[in-house]
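The working numbering puts the first residue of the sequence shown at 1281, with every later residue one more than the last. Where a beta carbon is used, it is the ideal one built from N, C-alpha and C, also for glycine.
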Amino acid sequence: MSEQATLEQVFSILADRHSVNILKNAYSGLKASSTSYTGNLSKKQFYARLKRLKDLGFIDKHDGFYRTTTFGSLVCNGYVSTMEQVLNNFWNLKAVDILKARKDFPLHQKESVINEIIQNCNLRNIVNVTHLSGFSIIKDYNQLVIEVIKLLDNAKKEVYLATRYHDPNFSSRMFKRVYEGLTMHLLDGLPEQISVENRLNAVLRTPPNKETFDMVNSIIRSQRFDLKKAVVPSSFMVVDGTTVCYETVGYSNPEQFTVAISHYDDPYLAQRFISYYKTLAKDATVPRLLESVRER
C-alpha cells in the first residue's frame, strides 16, 4: 500500500545512491528476481530499499518486473537525469557565473556568450537561458506579484513605479520600504475607488493600529513619497536605475495581464523607462491628500 511521499522523503531517496540506482533500473524495467546490479548491498539492504520505493509510490510490480510509476518516472527523468547532466557540466556553469560577474562585458555580449555555453554543453532542453542571463519572462499574474515584491525588497535607493494593478501584499511592503527610507515615485493608474489616495485616507480615518497610522502619517508628509494620479497604459517598475520590470499589453484584451519581462542589469533600458515615466507624469495630478498635508 503506497502513501503520498513528502518532499523530505523524495530528497531522502535521492540522497541515497543505492535507492537512486534501483530507481534508475526500474525506469527501464527491473526483473523482480534480479539483484545483480546492487553492488555492495546485501540482499536485506536491497529489499529494504525496494520496499521503501514501492511504499512511497516510486515503483510498482507488474508481470515479474519492477517499473517506475508515473510519479517515479517524473522524479527519475525530471530530477535524477537532469541533475546528472547538470553535474557533468559543472565547470561550464561555473564559467557562466564568472562571466555574469564581469563588469567589462556589455549585457548583450554576456547573454550571447552564455547562450553559446548552454548550447555547447547540451543543456538547452533543461535550462532556459533567461534564468542565467539578465532577464526573465513572467507569464502568470501571481508570479508577477512575487517578482515585483522581490525587486522592491532588493531596492537600495529609488524606485519608479507606474501601475494599473493593486495587490495588498505589495502595497503593504511598498509603504514599509518608503517608511524605512526608500524614495518612491508612483504613478497610480487605478480606478478612483481603489486608488492609493483612497486607501491611505481609509487608514487615516480608521487605522488598524497606532503603528500603521504613524507609518502612513509619516509617508504622506515625506518628500520621498512622490505620488501622482495618471493614466497608465501598462505597468512598469524601475529599481535603482538598473533593473526594469514591464508588462506587455495584449491586443485582444488590453485590460487583462498578458506577460511581463524583467531586465536585471540594463541601465540604458532603465533610463528609457524613467524618461517614459516623466512623460506620463507631465499630465499627472497630485492627490488632494498630499497637497493638503504638505501645504500646512
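Residue range 1345-1348 is occupied by the beta strand (DSSP E) that includes ARG1347. With fewer than 16 neighbouring CB atoms inside 10 Å of its own CB, ASN1449 falls in the exposed class. DSSP assignment within the stretch 1402-1462 yields the following whole beta strand (DSSP E) runs of 3 residues or more, N-terminal first: 1415-1418, 1438-1443.
Taking the Cα positions, LYS1324 is about 40 Å away from CYS1401. The stretch 1326-1395 contains, as complete beta strand (DSSP E) runs of 3+ residues, the segments 1339-1342, 1345-1348 (chain order). By the neighbour-count criterion, in which a residue is buried when 16 or more other Cβ atoms sit within 10 angstroms of its Cβ, HIS1543 is buried. Cβ contact annotation for ALA1564 (same chain, cutoff 7 Å, sequence separation greater than five): LEU1467, LYS1508, LYS1509, ALA1510, in chain order. Within the stretch 1534-1562, the complete alpha helix (DSSP H) segments at least 4 residues long are 1547-1561, listed from N- to C-terminus. Between the alpha carbons of PHE1537 and TYR1421 lies a distance of about 7 Å.
The Cβ atoms of LEU1321 and PHE1345 lie no closer than 8 Å to each other. Secondary structure of ASP1494 (DSSP, three-state): helix. Per DSSP, VAL1290 lies in no beta strand (DSSP E); the unbroken alpha helix (DSSP H) holding it starts and ends at 1287-1294. Partner residues in the beta bridge of LEU1467, as assigned by DSSP, are ALA1442, LYS1508.
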